[in-house]
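Taking the UniProt record's numbering, the leading residue of the sequence shown gets 1, the next gets one more, and so forth.
Glycine included, every Cβ here is placed at the ideal spot set by N, Cα and C.
Model, not experiment: these values are computed from the prediction.
This report concerns only the one structure given below.
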Amino acid sequence: MTNATVVPRRWLGLWALLAAMLMNLLDATVVTVAGPAIQRDLGGSDTSLQWIAAAYTLALAVGLLTGGRLGDMLGRRRVLLVGEAGFLLASLACGLAWSPESLIVARVIQGLFASVMIPQIFGLIRDLFPPHEFGKAFGALGPVIGLATILGPVIAGVLVDADLLGTGWRMVFLINLPLGAFGLLVGARVLPAGRGDRSLRLDGVGALLAGLAMFLLIFPLVQGREMGWPGWLAGVAVAAVFALGAFLRRQRRMAATGRVPLVELSVLAKRSYAAGVGFVLVFFGAIVGFSLVIALLLQLGLGFGPLRASVTMAPWAVGAFLGSGFASVAMGRLGRRILHLGLALMVVGLAGTHLTLGRVGADLGGWDLVPALLVYGVGMGMIFVPLFDIIMGEVTDREIGSASGLLESFQQVGASLGVAALGTLFFSTVGALPRVEDYLTAARQVTLAALGLTVLAFALGFLLPRRARPTAPPTGQGPTGQGPAEQGLAEQAPAERPVDEEVREPATV
1 MTNATVVPRR WLGLWALLAA MLMNLLDATV VTVAGPAIQR DLGGSDTSLQ
51 WIAAAYTLAL AVGLLTGGRL GDMLGRRRVL LVGEAGFLLA SLACGLAWSP
101 ESLIVARVIQ GLFASVMIPQ IFGLIRDLFP PHEFGKAFGA LGPVIGLATI
151 LGPVIAGVLV DADLLGTGWR MVFLINLPLG AFGLLVGARV LPAGRGDRSL
201 RLDGVGALLA GLAMFLLIFP LVQGREMGWP GWLAGVAVAA VFALGAFLRR
251 QRRMAATGRV PLVELSVLAK RSYAAGVGFV LVFFGAIVGF SLVIALLLQL
301 GLGFGPLRAS VTMAPWAVGA FLGSGFASVA MGRLGRRILH LGLALMVVGL
351 AGTHLTLGRV GADLGGWDLV PALLVYGVGM GMIFVPLFDI IMGEVTDREI
401 GSASGLLESF QQVGASLGVA ALGTLFFSTV GALPRVEDYL TAARQVTLAA
451 LGLTVLAFAL GFLLPRRARP TAPPTGQGPT GQGPAEQGLA EQAPAERPVD
501 EEVREPATV
């Protein structure tokens, strides 16, 4: 405990940190439910809708490479409060957006400030609580994150349908204002202040190169269909490869000269970790892209309102919650096999979704998808809890911080790629003047693509370590793709950290 005066109010401080986490969980998925209403109000193309969804996760992926380091340099409370204040202003800008372009810019700013805010949460929980209360503190996160995951899309649907004060979809962003105000006011008074370590340095050039590479990779996938796939987009993809190469060369040069790189490249030389990176890209790309397309089918194709669409998809989140609970109990006994069990259930769920869409067609009702989405969610939830620690089963102590942060960034990149690729497939199949049957056909094609990606993840799973890293507690992931694995971003190699900061905090789903 860094400050004895905060001990009596440490649980209030935990709620302030939960407010920041809840904002991130909500805004990671809000466009899934509110996207069609946003498009109806602001106009814009289907491509704009994809960018509104992908902009947040792409910016988050870029910023997470440096967000944890900023907390180490400047103090976690200070960085958290700055990130939270910026996130609130960006949320207000989202709620006041007057065009698709203005909303996309605001979403990018949101994602960048989230990447500053989120990595501080787990370190601050450790600063708030004495070691003997770590279990209680981190254990409290599980139910809150689980309920937020289940109720978040439903709440978003309620807010859009309720049209409070005539705000419509804007309220799904403006709801962050009371949450963030609570977090800021309480956090400033209760959270322990830290001075940070000003001797650490931030690799801004490396972060910019990584961000450029990610953007150049996503841009052709999102814009290609609308632009008619011009030949110069291939040049953009090649430029992404060159930007990535420049980033890797810089990281190698920094390590050779004794400076601290953003990424320990030695982890990528491990076959199991490299396979894990591929697994994360494929897995999160499939689930995030598929979830967006199902929501678009329900609202744009079948005419469901936001609330009805979110309730229809709720079995997915309920299943993920149940699957996560099972994984928490069984992961130690099953090891890597739990990933394959979860993926097998996901394949069953996707096959069931494909058959249901074909069998029921335009008469699809809210109950028709319940069995398939529930099974899919259970399988997905079984993977969230053990995934990161299994991937890091062969990672050394020196590499653990960099490996955790890199995986979290690849998770967000995978989500952006899923929105870009599967969203493009969906809208390309739907066509310019779609009928209900066209939406159903497009959704079935995307479901088959998601099934293929899931099978690919199943194959990659055999290259992962058989057991989780024995010294690392579970770093669970929330079913939205945004989860507590961010604590790894605040971790560095043991030689770089003070002695009292070398304990990795546990996390739950």
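In this structure A351 touches L451 by the C-beta definition: roughly 7 Å separates them, less than 8 Å. For T167, no alpha helix (DSSP H) run applies, since DSSP gives it neither H nor E. Between T32 and A295, the C-beta spacing is below 8 Å. Within the same chain, A19 come within 6 Å of F182 by CB-CB distance, once the 5 residues on both sides are set aside.
By the criterion of a C-beta distance shorter than 6 Å, G111 is surrounded in its chain by Y56, A59 and L60, once the five residues flanking it on both sides are discounted.
For W229, no alpha helix (DSSP H) encloses it, and the DSSP letter there is neither H nor E. Around C94, the same chain offers L103, A106, R107, Q110 and F173 as residues with beta carbons nearer than 7 Å, after the five sequence neighbours per side are excluded. Rounded to the nearest angstrom, the Cβ distance from V419 to G276 is 22 Å, too far for a contact under 8 Å. With contacts defined by Cβ atoms closer than 8 Å, E399 and S266 form a contacting pair. A181 sits in a helix when the DSSP states are folded into three classes. Straight across, the Cα-Cα distance linking I125 with G423 is about 38 Å.
Spanning the alpha carbons of H354 and M380 requires a straight line of approximately 17 Å. Residue burial is scored here from C-beta neighbours: K136 has fewer than 16 other C-beta atoms within 10 angstroms and is therefore classed as exposed. DSSP, reduced to helix, strand and coil, places T257 outside both helices and strands of the structure shown, so it counts as coil. Its chain contains A54, T57, L58 and I218 as the residues whose beta carbon lies nearer than 6 Å to that of S416, once the 5 sequence neighbours on both sides are disregarded; these appear in chain order. About 5 Å separates the beta carbons of M382 and A327, which is inside the 8 Å limit, making them a contact pair. Within the same chain, A457 and L460 come within 6 Å of F279 by CB-CB distance, once the 5 residues on both sides are set aside. For M392, there is no enclosing alpha helix (DSSP H), as DSSP gives it neither H nor E.
In the DSSP assignment, A269 falls outside any alpha helix (DSSP H), carrying neither H nor E. Rounded to whole angstroms, the Cβ separation of Q120 and L80 is 4 Å, and the two are in contact under 8 Å. For P465, the secondary structure class from DSSP, reduced to helix, strand or coil, is coil.
The DSSP assignment places 387 to 391 and 400 to 430 as complete runs of the alpha helix (DSSP H) inside the segment 379 to 459, in order along the chain (cut-off: 4 residues). Cβ neighbours of L49 within its own chain (closer than 7 Å, five residues either side excluded): G35 and Q39. A straight-line Cα-Cα distance of about 10 Å links G43 and W98. By a beta-carbon distance limit of 8 Å, L453 contacts A286. Their separation comes to about 4 Å. By a beta-carbon distance limit of 8 Å, L373 contacts W316. Their separation comes to about 4 Å. In this structure, the alpha-carbon of V158 lies about 53 Å from that of G258. The three-state secondary structure of E133, taken from DSSP, is helix.
DSSP, read as helix, strand or coil, puts V263 in coil. Rounded to the nearest whole angstrom, the C-alpha separation of F462 and P230 is 39 Å. Per DSSP, G335 is not a residue of any alpha helix (DSSP H), being assigned neither H nor E. In this structure P100 is buried. Its beta-carbon is surrounded by 16 or more other beta-carbon atoms within 10 angstroms. For P192, the closest C-alpha among the options R201, D127 and R435 is that of D127. The Cβ neighbour count for V329, taken over all protein chains shown within 10 Å, is under 16; the residue is labelled exposed. Judged by beta-carbon spacing, F122 lies beyond the 8 Å limit of G86, meaning their Cβ atoms are not closer than that value. If you draw a straight line from the Cα of L26 to the Cα of R170, it is about 13 Å long.
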